[in-house]
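In order, the protein sequence lines correspond to chains A and B.
Under the working numbering, the first residue of the first sequence carries the number 1, and numbering increases by one thereafter.
Under the working numbering, the first residue of the second sequence carries the number 1, and numbering increases by one thereafter.
Heads up, the beta-carbon is just placed ideally off N, CA and C, and yes, glycines get one too.
All values reported here derive from a predicted model rather than from experimental measurement.
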Amino acid sequence: MSETIAAISTAPGEGGIGIVRVSGPASLDIMRKMMSGCPDEVTPRHAYYGKVVADSYESDPETIDEAVFLYMKGPASYTGEDMLEIQGHGSNVSLRAILRAVVSSGIDGVRMAEPGEFTKTAFLNGKMDLTQAEAVIDIIKAKTELSLGIAESQKEGRLGDAVRDIRSMLLDILAEMAVDIDYPESEVYDEYDSPEEESKDSSSEFVNRLRWVISDVQDLMDSAYIGRIAREGVRAVIAGKPNAGKSSLMNALLGEGRVIVTDVPGTTRDTVEETASVAGIPIVLVDTAGLRETEDQVEKIGIERTTRALASADIVILVFDGSEKLDEEDEKVLQFIEKMNTGNLIAVINKEDLGRTVSSEDVLSRLPDASVISTSLIGSAANEAARRISEKIGEILDLGNIDVRESNIITNERHLQLLRNAEMNLDEAIVMLQNGEPMEVAELSVRYAFNSLGTIIGEEAGDEVLDRVFSKFCLGK
Amino acid sequence: MISNDRYNIIVIGAGHAGCEAGLASARMGMRTAIFCTDIESVAMMPCNPSIGGTGKGHLVREIDALGGEMGLNIDKTFIQSKMLNTSKGPAVHSLRAQADKHRYHQEMLHTIEQQERLDLIAGEITGLVVDKETAAGDEDTSGQGYRCTGRVTGVTTADGRTLSADAVIICTGTFLGGKIFIGDDVTVSGPAGMPPACELGENLRELGFPVRRFKTGTPARMLRDTLDYSKMKEQKGDDHIVPFSFMNEDKTYDIQQISCWLSYTNEETHRIILDNIHRSAMYSGNIVGVGPRYCPSIEDKVSRFTDRKRHQLFVEPEGLDTDWMYIQGMSSSLPEDVQHAFYSTIPGLEHASIVAPAYAIEYDCVDPLSLKPSLESKILDNLFCAGQFNGSSGYEEAAAQGLIAGINAVRKLRGESPLVLRRDQAYIGVLIDDLVTKGTNEPYRIMTSRAEYRLLLRQDNADRRLTPIGYEYGSVSEERYQRYLTKTERVDAEIARLRSKRTDIDSFRAFLVRHECDLQAGVLDEATIERKKRDIAETGNQTFADILRRPVITYDDLAEIDDESRPSLGINEKTEVEVILKYDGYIRKQINEVEKMRNLESKNLSEDLVYNDIKGLRLEARQKLTEIRPRTLGQASRISGVSPADINVLLIYLEKEMRSSQR
């Protein structure tokens, strides 16, 4: 079969490394596209270390992660097909980002793997013993039941409702297209005087309605953001010049002394991730190394990581040493943040006890959207500061009223992918209709979108369109 | 009349299915007899006087491409022709012709009479002769699903004779157990007062066939001169007539076309119907049969869609030599007095003289899940079934099945593999696969929306899709095949030429500006045209094939920048070149899907697979698979209740079996 499948193949949860596995004829193409500086000749079974990027053919591609790329040429592989392993960092976030990049690489025939599909392919390609057939069936069954369980629970939940609503709108559109195509001479509404007038300009009408549907799909995809928060937590990145008190803040928020706090600048050389719970919402606190010019190689890497962490942050917490005038290093941080143009910003002016050289106004004049808190991150004042920051985080995310567990969320990368497929197909349909391309061609794209949405809630495409046609329209001789 | 009591193949019924089945069988060399209760019923059109329409027109083209008769016959007898959906793309262009009913019947009768090896016999078939000893199927331990109980070896007739045959094809239409309803009035009858076949249905029930009742209906017929055409809107045929048959592609048709007429019901019509709805046979409880949703009676329309203030109806002539007019859209089972009352509220029909009232008809048919994809019965070997008997509706659906049943009966007798068309090959494939895989709870009508590969299944490429297959399977004549080869060669050569042909860059851009800007002046606004001009000024040169992909450019337009290498093609060849190139890009989107399905379709499932013994299948899947016994994994995947996981389990199972057997 000409398809290439991909999936995260390490267990969920934070591990040292995580693997995205790809099987199928496009494996090598994916490696070339996603590995920055991929050599022209790729030796099978050779470990290549490099940056994972969305598109290495672009001039300045965005780095997703650093990883080891391992290409195996079929049939000498687990599945018997060409395979690629991308071994990245173990965090869910980066693995998902890699997988997403693989399936939306734009290379033909690449899709997410079905449950148990790697094993199935391996068996069908003769890579497994006959006696293992039963075991293969068990694996497929177990995995399918698991994903059916997820689909089942989505059916009940608000995602299910939202998807059903969108599908119903599409069903109306598909039904009307079907009537338009299959009953060209039928008058389906009273107000028109002749069948010819009725069908006039139906395509611009369809375009408008498809636009509504797309915006609903996009809303749903945006809710994936909240879904990710429920799953992985809010990423709150703490930044500031060395020794401003970032680690103290992190410790205060965590309520325990996990990060080494000393007076020597640059103690935290790497990013440190910890998860705390703020107002019931998991918050991933990322303590970063300071941003400053340095010759220290290790620290340089830390600083690079900091910039990356900031780019992926949901909330940035900036820490200033309020007892000293804002200096060059603070300036660097400020410039960086200004450039980032992030909305969710908390500025903490620390070391109040040592004197108030920096005022709220000083910070606000540079970062007008920031919430500013002046405090001392020692003793009970630190706890008080942590409480106030937690509140701010809650306010910023406006999550006070949302019970995350029951909210309309997309927790599954597969669902997000299916929504993206639907969006893409709807977009295509709109463009086609606008370009005056045939309705039955645009209809096909709408149908694909409809099917993608059906997959989320585990509904098979059946005779729904025709059922809708005959329940809604009075047709026939 | 009967020269010999021994036939290879006996066809029961001479409707659209029976005619195709009989002709295919005789043309493929079998001694064949077609039985009908009345010679007048040969290719009779008991309902609407037209052939084709959306989906149905595609079927006629496919029947023709496989060597069937329907397309040729309507080309001889049409009185109006119209290509529907021309505002849309070529995949859904659909041809429809108004037929002269009487001449349609006459011409088909003539063709049958002229056909060697084919006898047409008036007589009712009362039962099947079955040899129970030769039950071919192995003992089915599951106890579920349809089991083969023997082989058909002949038929018995109402006049007490027994005729033997190697295969029998049932095409009984609405004649089998036919019952006509007009209000309280119930008459045992075939359509249009033809003699029904009453005993065969009972015989089939006794033999264990899952026989059930479906119903359909037809509107009243009115006398031409009693209608007021000034109150209705004229519906004319097309100026340029396109024939159905590939064999008539070069012919020009210069006939006087007859118009149809459009009118509407009104609130008074609806009031009369609703006031008398209790007198309708449908509401009396007399009818047990299930009617089609897409062919509702006027009382159904009025009571289900109460918000509609009017419904449209078309007045269609039934032929040149008859005064009968057919009132499309107004079928009913109300009593005649109510029919008179409501029909006369309609503009144009106020003083209509009704010559035949509307009626509902109920008939026996078989659950198509008891059929194989070859249309052979799972219950009796060598028994094939086609048309309304299989739960379909429509002349074209019937003819398509009749043709396939005829071909496959012959192939079965010769020990050859059956012709089973895939869903990506033909609407015929969609029709039969839907029937035998999903079954149907109402008379089944083809619709283009039922085809997932609609872009591939165009009426313009029916010959390309099916004529080589028909030739291979023996239903296509040498003459047709040679013609097909010639046309295809010319078209392919031209496509190849266009794929590499270019003109110089200046002519290319000037051509685009002329067609996409200058000629669009009235359609597009000034700004768009300016933008297009700028785009064109930066567009690099393209091949003619690429230029043709642009929406407004036609093949004829290209002549402006072409040279002497351009061949002079016929109109159909031009269309084919244009459509193939224009659709190329769209079709690619479907190819992946098609390949996936072909892969599953190529994995055969044995008829005597015991699904209960396959570990890992869910209970529902086991039951459904046992009942339907799909022929391929592809067919299995379309059964509702069989999940993708079950398909994977089957895939693993098949692989395991294959490897075990290789040991």
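Which same chain residues, not among the five before or five after Glu-81 (chain A), have their C-beta less than 6 Å away from its C-beta? Excluding its 5 nearest sequence neighbours in each direction, Glu-81 (chain A) has C-beta neighbours in its own chain below 6 Å: Ser-23, Gly-24 and Gly-74, listed in chain order.
Going by C-alpha to C-alpha distance, which of A:Ile-107, A:Pro-368 and A:Glu-62 sits closest to Ser-2 (chain A)? Out of A:Ile-107, A:Pro-368 and A:Glu-62, A:Ile-107 has the C-alpha closest to the C-alpha of Ser-2 (chain A).
Kindly list the residues whose CB is nearer than 7 Å to the CB of Leu-433 (chain A), restricted to its own chain and excluding five residues on each side of it in sequence; keep chain order. Here the set comprises Ser-203, Phe-206, Val-207 and Ala-442.
Is there a C-beta anywhere in chain A that falls below 8 Å from the one on Asn-604 (chain B)? Closer than 8 Å: no.
Ordered along the chain, which non-local residues of its own chain (more than five positions away) have a Cβ less than 6 Å from that of Phe-384 (chain B)? So the qualifying residues of the chain are Ile-169, Leu-375, Glu-376, Ala-405 and Ala-409.
Interface flag, Phe-305 (chain B) vs chain A, CB-CB below 8 Å: At least one chain A Cβ lies under 8 Å of Phe-305 (chain B).
C-beta atoms of Leu-59 (chain B) and Ile-446 (chain B) nearer than 8 Å: Yes. Within cutoff.
So the alpha helix (DSSP H) Ser-660 (chain B) belongs to, where does it begin and stop? For Ser-660 (chain B), the enclosing alpha helix (DSSP H) covers residues 644-662.
CB contact flag (Asn-382 (chain B), Asp-239 (chain B), <8 Å): Asn-382 (chain B) places its beta carbon 8 Å or farther from that of Asp-239 (chain B).
By the criterion of Cβ-Cβ separation under 8 Å, what are the contact partners of Leu-651 (chain B) in chain C? Absent here is chain C; the protein component of the structure consists of chains A and B.
Quick one: is Glu-197 (chain A) near chain B, going by C-beta distance under 8 Å? With a pLDDT of 46 at Glu-197 (chain A), under the threshold of 50, the modelled position of this residue cannot be trusted; read the value that follows with caution. Look at Glu-197 (chain A): its C-beta is not under 8 Å from any C-beta on chain B.
Give me the Cβ distance between Pro-90 (chain B) and Val-430 (chain B), rounded to the nearest whole Å; I'm assuming they're in contact under 8 Å. About 18 Å separates the beta carbons of Pro-90 (chain B) and Val-430 (chain B), which is beyond the 8 Å limit, so they are not a contact pair.
Using CA coordinates, which residue listed in A:Thr-455, A:Glu-437, A:Gly-322 and A:Ser-247 is at the minimum distance from Gln-417 (chain A)? That would be A:Thr-455, whose Cα lies nearest to the Cα of Gln-417 (chain A).
Of the residues B:Ser-393, B:Ile-121 and B:Arg-514, which one's Cα is nearest the Cα of Glu-530 (chain B)? The residue from B:Ser-393, B:Ile-121 and B:Arg-514 with its alpha-carbon nearest to that of Glu-530 (chain B) is B:Arg-514.
Distance, Cα to Cα, Ser-94 (chain A) vs Gln-87 (chain A)? The straight-line gap from Cα to Cα measures roughly 11 Å.
Say whether chain B places a C-beta atom closer than 8 Å to the C-beta of Ser-374 (chain A). No, no contact with chain B.
Counting only runs that start and end within the stretch 81-130 of chain B, where is the alpha helix (DSSP H) found for 4 or more residues in a row? Listed in chain order, they are 101-114.
Would you check if there are 3 or more beta carbon pairs closer than 8 Å linking the stretch 272-287 of chain B to the stretch 330-347 of chain B? Because the criterion of three Cβ pairs below 8 Å is met, the stretch 272-287 of chain B and the stretch 330-347 of chain B touch.
List, from N- to C-terminal side, the beta strand (DSSP E) runs of 3 residues or more that fit wholly inside the stretch 170-205 of chain B. Taken in chain order, the unbroken stretches of beta strand (DSSP E) that lie wholly in the stretch 170-205 of chain B and span 3 residues or more are 179-182 and 185-188.
Which chain B residues sit within Cβ distance under 9 Å of Phe-206 (chain A)? Residues of chain B whose Cβ lies closer than 9 Å to the Cβ of Phe-206 (chain A) do not exist; the shortest such Cβ separation is about 13 Å.
Where do the ends of the alpha helix (DSSP H) carrying Ile-666 (chain B) lie? A question about residue 666 (chain B) goes unanswered here, because the residues of chain B that appear run from 1 up to 663.
Write down every uninterrupted run of the beta strand (DSSP E) in the stretch 56-137 of chain A whose length is 3 residues or greater and which is fully enclosed by it, in chain order. Those beta strand (DSSP E) runs which fall completely within the stretch 56-137 of chain A and span 3+ residues are 63-72, 83-89 and 110-112.
Measuring only the C-alpha atoms, how far is Lys-200 (chain A) from Tyr-653 (chain B)? The predicted model places Lys-200 (chain A) with a pLDDT of 49, which falls under 50 and marks its position as unreliable, so this point remains unresolved.
List in chain order: all unbroken beta strand (DSSP E) runs of 3+ residues lying wholly within the stretch 217-266 of chain B. Those beta strand (DSSP E) runs which fall completely within the stretch 217-266 of chain B and span 3+ residues are 221-223, 233-235 and 260-264.
Give me, in chain order, the residues of the same chain whose beta-carbon lies closer than 8 Å to that of Ile-214 (chain A); leave out the 5 immediate sequence neighbours on both sides. Counting only Cβ-Cβ distances below 8 Å, and skipping sequence neighbours, we find Glu-423, Leu-426, Asp-427 and Ile-430.
With distance defined between alpha-carbon atoms, name the residue in A:Ser-27, A:Ala-97, A:Val-237 and A:Met-112 nearest to Thr-306 (chain A). Selected option, being the one with the closest Cα: A:Val-237.
Rounded to the nearest angstrom, how far is the Cβ of Gln-623 (chain B) from that of Thr-437 (chain B), given a contact under 8 Å? Cβ-Cβ separation between Gln-623 (chain B) and Thr-437 (chain B): approximately 15 Å, too far for a contact (criterion under 8 Å).
Within its chain, find whatever has a CB closer than 6 Å to the CB of Asp-254 (chain B); leave out the 5 residues flanking it on each side and keep chain order. A distance below 6 Å between beta-carbons, with the five flanking residues on each side excluded, links Asp-254 (chain B) to no residue of its chain.
Using a Cβ-Cβ cut-off of less than 7 Å, give me the residues of the stretch 312-323 of chain B that come near chain A, in sequence order. Those residues of the stretch 312-323 of chain B that come within reach of chain A (Cβ to Cβ, closer than 7 Å) are Gln-312.
Where Ser-640 (chain B) falls: helix, strand or coil (DSSP): Here Ser-640 (chain B) carries a coil assignment [DSSP, helix/strand/coil].
Which residues in the same chain as Ile-34 (chain B) place their Cβ atom closer than 6 Å to its Cβ, once the five residues preceding and following it in sequence are excluded? Closer than 6 Å at the Cβ level, and outside the excluded window around Ile-34 (chain B), lie Val-11, Ala-14, Gly-18, Gly-22 and Leu-120.
Can you tell which of B:Glu-595, B:Thr-626, B:Arg-618 and B:Glu-620 has the C-alpha that lies nearest to the C-alpha of Ser-610 (chain B)? According to the sequence displayed, residue 610 (chain B) carries Val and not Ser. Ranking B:Glu-595, B:Thr-626, B:Arg-618 and B:Glu-620 by Cα distance to Val-610 (chain B) puts B:Thr-626 first.
Pairwise C-alpha distance: Lys-132 (chain B) and Glu-139 (chain B): Model confidence at Glu-139 (chain B) stands at a pLDDT of 49, short of 50, so the residue's coordinates are unreliable; what they give is reported in the following sentence. Answer to the nearest angstrom: the Cα atoms are 13 Å apart.
Fully enclosed by the stretch 371-407 of chain B, which beta strand (DSSP E) runs are 3 residues long or longer? Segments of the beta strand (DSSP E) lying fully in the stretch 371-407 of chain B: 383-385.
Check whether the stretch 346-353 of chain B and the stretch 177-191 of chain B are in contact - that is, three or more C-beta pairs closer than 8 Å. Not touching, per the Cβ criterion.
If you measure between the beta carbons of Leu-354 (chain A) and Ser-323 (chain A), is that distance less than 8 Å? Inclusion of Leu-354 (chain A) and Ser-323 (chain A) in the CB contact set at 8 Å is warranted, their separation being smaller than that value.
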